[in-house]
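**Student:**
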Amino acid sequence: MAGSSFRLPSGGAIDRSSSLSFEFDGKSYRGFQGDTLASALMANGVRLFGRSFKYHRPRGIIALGSAEPNALVEMRGDARREPNIQATMVELYDGLVARSQNRFPSLRWDVMAVNQLASPFLQAGFYYKTFMWPASFWEPVYEKLIRRAAGLGRAAEAPDPDHYEHTHAHPDVLVIGAGATGLSAATKAAETGARVMVLDEHAALGGWLNHEDGEIDGAPYKAWLDRQVSTLETKENVEVLKRTSALGLYDDNMVLALERVSDHLPEPLAGCARQRLWIIRPQKIIVAAGAIERPLTFVNNDKPGVMLASAAQGLARCYGVAPGKRIIIATNNDGGHRTALTLQQAGIDVAAVADARETLSLCAEESQSAGIAVHTATMPQKALGGVEVSGVRLRGLTSEKTLDLDCDVIAMAGGLNPNIQLLSQGGKRPLWQEDIQAFTAEPSDDAISTVGACRGIYNLAACVEDGRLAGEAAARDLGLSSTAAPSVRIEPSAIDIAPVLEAPKPPGTRGKAFVDFQNDVTAGDIRLAVQEGYESVEHLKRYTTLGMATDQGKLANVNGLAVLADARNEALPDVGVTRFRPPYTPTSIGAFAGHHRGKTYQPIRRTAMHSAHEECGATFVEAGQWLRPRYYARPGEDMLTAIKREATAVRASLGVCDVSTLGKIDVFGPDAAEFLNRIYINNWLKLPVGKARYGVMLREDGHLFDDGTTSRLSDDHFFVTCTTANAGRVLAHMEHASQVLFPELDVVFCSATEQWCGVALAGPNSRAALSKLVDGADVSNDALPFMGVTETTIEGVPARLFRISFSGELAYEINVPWGAGNMLWRRIMEVGAEFDITPYGTEALSVLRIEKGHIAGSEIDGRTTAADAGLGRMMAKKAFIGKAMANRPGLTAASRPALVGVKPISTHDRLRGGAHFVAAPKAREQESLGWVSSTADSPAMKGWIGLGFLKGGTARIGERLFATYPLKDEMVEIEICSPIFVDPEGERVRG
Amino acid sequence: MAKPIYSSPLSHLSLSPRPSEQTAETSLADLGRVGFFHVLARKDKAAETAVQMGVSITPGQAAHLEGGGVAFPTAPGEWMIICAASTANEELSRWRVQLEGAAYISDQSHGRAALRLSGPYAARLLAKECTVDLHLSHLPTGSFAQTQLAGIGVLIHRISDTPSFDLYCYSGFADSFWHWLTDAGAEFGLQTYQKDQADG
Amino acid sequence: MHRIPCPWCGARDESEFQYQGDASVRRPNPEAENSDMSDYVYFRENPKGWHLEYWHHVGGCRQWLVVERNTATHEIKSARLARSGPEER
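Protein chains in written order, with numbering that gives the first Met the number 0: chain Z, 0 to 990; chain W, 0 to 199; chain R, 0 to 88.
1) Using Cβ-Cβ distances below 9 Å, what residues of the segment 734–758 of chain Z are close to chain W?
2) Any C-beta of chain Z within less than 8 Å: which residues of the segment 42–56 of chain W qualify?
3) So if DSSP puts Z/R959 in a beta bridge, which residue, or which two residues, is it bridged to?
4) Could you name the residues of chain R that Z/K882 contacts, counting a contact when the two beta carbons are closer than 7 Å?
5) Within 10 angstroms of its Cβ, does Z/N518 collect 16 or more other Cβ (buried), or is it exposed?
6) Run through the segment 595–624 of chain Z for me and flag every whole alpha helix (DSSP H) of 4 or more residues, listed as ranges in chain order.
7) Quick check: the segment 292–308 of chain Z against the segment 484–503 of chain Z, are at least 3 beta-carbon pairs closer than 8 Å?
8) Please classify Z/H907 as buried or exposed, where buried requires at least 16 neighbouring CB atoms within 10 angstroms.
9) Below 8 Å, how does it come out for the segment 74–81 of chain Z and the segment 155–169 of chain Z: are there three or more Cβ pairs, yes or no?
10) Quick one: what does DSSP say Z/Q375 is sitting in, helix, strand or coil?
11) Can you tell me the Cα-Cα spacing of W/L30 and W/G152, whole angstroms?
12) Just the C-alpha distance for Z/F916 and Z/F834, rounded to the nearest angstrom, thanks.
13) Which parts of the segment 829–867 of chain Z are runs of the alpha helix (DSSP H), unbroken and 4 residues or longer, counting only runs that do not cross its ends?
14) Considering only the beta carbon of each residue, do Z/R58 and Z/D301 sit closer than 8 Å?
15) Could you confirm whether any beta carbon from chain R is found closer than 8 Å to the beta carbon of W/A74?
16) So, for Z/A566: in the same chain, excluding its five sequence neighbours on each side, which residues have a beta-carbon less than 6 Å away from its beta-carbon?
17) Under three-state DSSP, which class holds Z/C656?
18) In whole angstroms, what separates the C-alpha of Z/V305 from that of Z/K381?
19) State whether the segment 685–694 of chain Z contacts the segment 630–642 of chain Z, with contact taken as three or more CB pairs (one from each stretch) at a distance under 8 Å.
20) Have a look at Z/A875, Z/R509, Z/P628, Z/Y631 and flag the residue whose alpha-carbon is nearest the alpha-carbon of Z/N682.
21) On the criterion of 16 or more Cβ atoms from any shown chain inside 10 Å, does Z/Y600 qualify as buried, or is it exposed?
22) Closest to Z/D212 by CA distance: which of Z/C317, Z/S610, Z/N418, Z/A893 is it?
23) Roughly how many angstroms separate the alpha carbons of Z/S9 and Z/T577, rounded to a whole number?
24) Can you tell me whether Z/V228 is helix, strand or coil according to DSSP?
25) Please report how far the alpha carbon of Z/E531 lies from the alpha carbon of Z/D524, in whole angstroms.
26) Between Z/L772 and Z/I803, is the Cβ-Cβ spacing less than 8 Å?
27) Quick check: is the beta carbon of W/T140 nearer than 8 Å to any beta carbon in chain R?
28) Would you grab the beta carbon distance between Z/T230 and Z/G470 for me? Rounded to a whole angstrom, and I think it's under 8 Å.
29) Verify whether the separation of the beta carbon atoms of Z/A617 and Z/T837 is less than 8 Å.
30) Please work out which residues of its chain come closer than 8 Å, Cβ to Cβ, to Z/P265, disregarding the five sequence neighbours upstream and downstream, and give them in chain order.
31) With distances taken between CB atoms, is the gap from Z/S710 to Z/K690 smaller than 8 Å?
32) Considering only the beta carbon of each residue, do Z/V899 and Z/I973 sit closer than 8 Å?
33) Of all the CB atoms in chain Z, is at least one closer than 8 Å to the CB of W/I4?
34) For a test of the three-state rule: what should DSSP assign to Z/W999, helix, strand or coil?
35) Taking just the CA atoms, how far does Z/P965 sit from Z/G707?
36) Can you check DSSP and say which residues form a bridge with W/L27?
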């Protein structure tokens, strides 16, 4: 096995001066720059790449490039470990490490290959049939067994250290595929000045031009190719993306493409992405995706050594690797003969061509003249050998004579399938073309055109011309070219092909003939499915999993349809087709996520005082996108201790809390008050200038939406505040009201959330501190009474003072421009020092508001009404959003749970949010009387307290009930009380 | 009373001033404070407001204002006026008087952060998250787009062909936006600096 | 992904918009019968084919748009500002 015995002495687009070392299954090998992992292993005589999904059959490469279903390997290691990578798409780099998959204990001796013996279980529909067995067996027995036996590869367990990104592009013309056709189209379009993007999944452009010799426009392929590529790459209006696969065609002709930016390197270069997802919005799409060769269906056609003729040719021509020592080609068209001659020219022994056609074509005669035996009307019946191919049994299609020949490679040439996968995704229905015995997909949309082999044109000169015409047509449609449209379109020429893909299987022949290599679906599975009634192509797909593997059935679909047609005794085009699904090629989740993962999953909003909080030792919490201080632990303090200390300090003396995250909206206009009147449940028309008012909004369905304090700064200027969580929704709601519902109102508004930052200064000493803070303004109870608003300055900075309170203490909210946030915090800490000022976070804020019975998000949970929350009397006699529905019977029923306070009988018991009220201490089977919405370990009440919604509401104050929390098996005896625990008369806020 | 000292939403980054030698690299600057006013025309008074402002309404096209500043027509009847921070107070007073009765103005000078991204890879960098076509043919110098980058609402104003873009986002997002820009710019060797308020 | 032709901002990706439902419904007079309001709040047709829909351009000009979209083909025929009022159907 060792040594480079399969490397040809010359040829291939490899750099023989650059030798690279790599490792496969722990063994070291050498290859060259320009190799893929597949070609380098083949050069080293390695032909066994992995084990199959279901039966663990040994597998080698079948195709080259992204159509490869078999040669899936696990790449790299540790956090970069990545399973199911096509070895045919992996560019070799020095130090590359890969492993085969799905084998135990080793690739060559795999114990799971016994699955083949159990294959009657695993045939078509095995999942469904297994489900029919006793359900109790399924999970513990069969699922474990099947999961161990099936599946491909292992994902990394550590977070991916690399980064992924997106890029949006808006070319005039997007050319998918940079073979001769695509390059020709791109060049023509680029000449007109159009913005052109051309992409190809390989590192080397040119497609089939790299596979054989010939001339275009009088120049050898290679010279023509180099000229096209260098011209395109130097044009400013052209972007050439190599290593980039178009993944999908979506609505409004958006194309997603994956660029493997760094996959060909050991690690990404500094600052560079591992992969980049291109989101492309082209005006015109030219699909030049070429064609993919079809395999043939015969027994053991999955043995390592059986491959597509194009793969054999590609190995020799692109990588200078002999696919084997002795090749036999099985074909149904001239393609096999062209491969035979190309391989022979490369010095490889081609022993014979089995041609399914009855008469010798000109091309077949060329093979004969070159000394290659040609067997007409002949197909392989079976591949012979052990783990790998050692021969083939040929069988005459008419004579039924068999002939066994020695070989180590069987190259299959079953004709070409135009690569219509993207078009099929985009909903373009495939059409069977009798002339070329294949499906094409004609786009109905004039923004998309298919060209070249992708629409069944296999003559290279015609392809180049077809590309030119498409490039020119695109430019013409874009108004960039005034050339006249050609009167005739190039049409595919009929090809000489025998309409047969499956070898006859005489009665008594044993063994599996594979159709879908990746999902291990055989011709027998398809026939069994038909026999069991799954005749429809859609049913067949799901029952057998035909075409549902990561290769999306690139090789399998048409061959499967041929078997289905035979089983149904119909013509192939009559059995129907299934739709391809994106992505075209397997794509890492990281590429789809791009920048949006981990800490950058969504943007983070910081308040103006963020740095000050950090200096005060804040622990932050995410509140929507905002980061807010949760608590400020002192050294040695745990969270609960810190929260209690902060809440206690506010009631005892003075606390300060950042409330900048509240939504703020400037509302202007003669109709501003009327507008507010329609969106709030309470009245706004008579609110005096210089006063604030608590407001409540409903959704149109009558449930609570949001609350907040809104102030009148002048006759026609209101300043609305709303909760942090709902700020965006409230603005959108107001925009709906103003633009859609009430366009007649003379009102305008905009967000001012980040123009103003704010703090709450709360506690009995807040007025004393405030008077030292402001530049001389009178903040006495007379000048600034409860719910009063005034404008002043602090250190020369404009400031707004709102005498409002969420904590229930004497308190003020102070707003200054965002850029003065740190100054404000610093000054407050200075003037508050003598009162032992304590910064408090959202946790203490929550404790304080629960003690005061103020509702918040846990009470406004989308299911509660104003009446439920004890705010029913705020609903004014006027029209407002949500009023009609709030008055419907279901929302006004006396039996609805309403807001109450709750405290445990034993001060040692803890209350939990989400606990249910029940009448008796039984764990189950009793009616829920309501639920606990918010709880706090209250320093003021010296124990746990809560708010909740209880059937009967405050009428039940004094009753004893139980709060059950079955998840923790807790049952706490409680007393129902007023939701206002602290200062029920409201003396402190007015003091 | 001392003149108030305001900090930029990015002042915690302690950026250095631009190195003296001008390089051709792609660079990102915190422009510090600017005057930023949201003009809201009253019902049926968009045209009157435009006349008072001395601008014609062309969506997507920034208009230079007589007496300094640029106006962006961001929505029907709405403009963002941007001017130098040094003249912001005077400008705000002037516009309030001039547009009295036709439009209201919400001062947003603190509500937005202002950044400048310049250099050969500027458009390429923004395109990593920008769904709007930034090509010169689509977003010529002097035009602007309001869109979202990395989940953040941004007003992108193209100020030169080279290319160079001024970017405005809400102040609370500034830190996150900055970090996205510097992450995305790492492969281009993005240089960052604090623009000197004095250099206009 | 849709590209929605915002009459103010130009064609923009769907990701800048919030879908806001059927634009053919009309809010009844606030004093209307409870059942009218119930129809307005809860009941929606689910047409196959052309449909008037609200799309809120939150990532751009923040205008509510009325978009005419085909639910079967995803084709978008028109988009106009909702503030310009209802249109004869």
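Yeah, the Cβ is synthetic: ideal placement off N, Cα and C, and Gly gets one too.
**Tutor:** Answer, in terms of the structure:
1) Listed by position, the residues of the segment 734–758 of chain Z near chain W (Cβ gap below 9 Å) are P742, E743, L744, D745, V746, V747, F748, C749, S750, A751, T752, E753, Q754, W755, C756.
2) Answer set for the segment 42–56 of chain W: K42.
3) Its beta-bridge partners are Z/E974.
4) Within 7 Å Cβ-Cβ: P29.
5) Here Z/N518 is buried, its C-beta having at least 16 other C-beta atoms within 10 Å.
6) Those alpha helix (DSSP H) runs which fall completely within the segment 595–624 of chain Z and span 4+ residues are 609–614.
7) Yes, since at least three Cβ pairs between the segment 484–503 of chain Z and the segment 292–308 of chain Z fall closer than 8 Å, the two stretches touch.
8) When all chains shown are included, Z/H907 counts as exposed.
9) These segments touch.
10) Checking the sequence, you will find Thr at residue 375 of chain Z rather than Gln. Here Z/T375 carries a strand assignment [DSSP, helix/strand/coil].
11) Their backbone Cα atoms lie some 18 Å apart in a straight line.
12) Taking the straight line from one Cα to the other gives about 42 Å.
13) Correct list: 841–851.
14) Yes, these two residues count as a Cβ contact at 8 Å.
15) Taking Cβ atoms only, chain R reaches closer than 8 Å to W/A74, which makes this a yes.
16) In the same chain as Z/A566, and ignoring 5 residues on each side of it, the C-beta atoms closer than 6 Å to its own belong to R526, V529, in chain order.
17) Z/C656: strand per DSSP, three-state reduction.
18) If I take the Cα positions, the gap works out to 11 Å.
19) By the Cβ test, the segment 685–694 of chain Z is not in contact with the segment 630–642 of chain Z, since fewer than three Cβ pairs between them sit closer than 8 Å.
20) For the residues Z/A875, Z/R509, Z/P628, Z/Y631, the minimum Cα distance to Z/N682 belongs to Z/A875.
21) Under this definition Z/Y600 is an exposed residue.
22) Residue Z/C317 holds the alpha-carbon nearest to the alpha-carbon of Z/D212 among Z/C317, Z/S610, Z/N418, Z/A893.
23) Looking at the backbone, the Cα of Z/S9 and that of Z/T577 are separated by about 44 Å.
24) Helix.
25) The alpha-carbon atoms of Z/E531 and Z/D524 are separated by roughly 10 Å.
26) Not closer than 8 Å, so no.
27) Contacts with chain R at 8 Å (Cβ-Cβ) do not include W/T140.
28) Separation of the CB atoms of Z/T230 and Z/G470 is rounded to 13 Å, and the pair is thereby denied contact status at 8 Å.
29) In this structure, the beta-carbon distance from Z/A617 to Z/T837 does not fall below 8 Å.
30) Cβ within range, chain order: Y92, D93, G94, L95.
31) For the 8 Å CB-CB criterion, Z/S710 and Z/K690 form a contact.
32) No, they are not a contact pair.
33) It does; some Cβ of chain Z falls within 8 Å.
34) Chain Z is shown from 0 up to 990; residue 999 of chain Z falls before or after that span and cannot be answered.
35) So the two alpha carbons sit approximately 35 Å from each other.
36) According to DSSP, W/L27 bridges with W/L116, W/T191.
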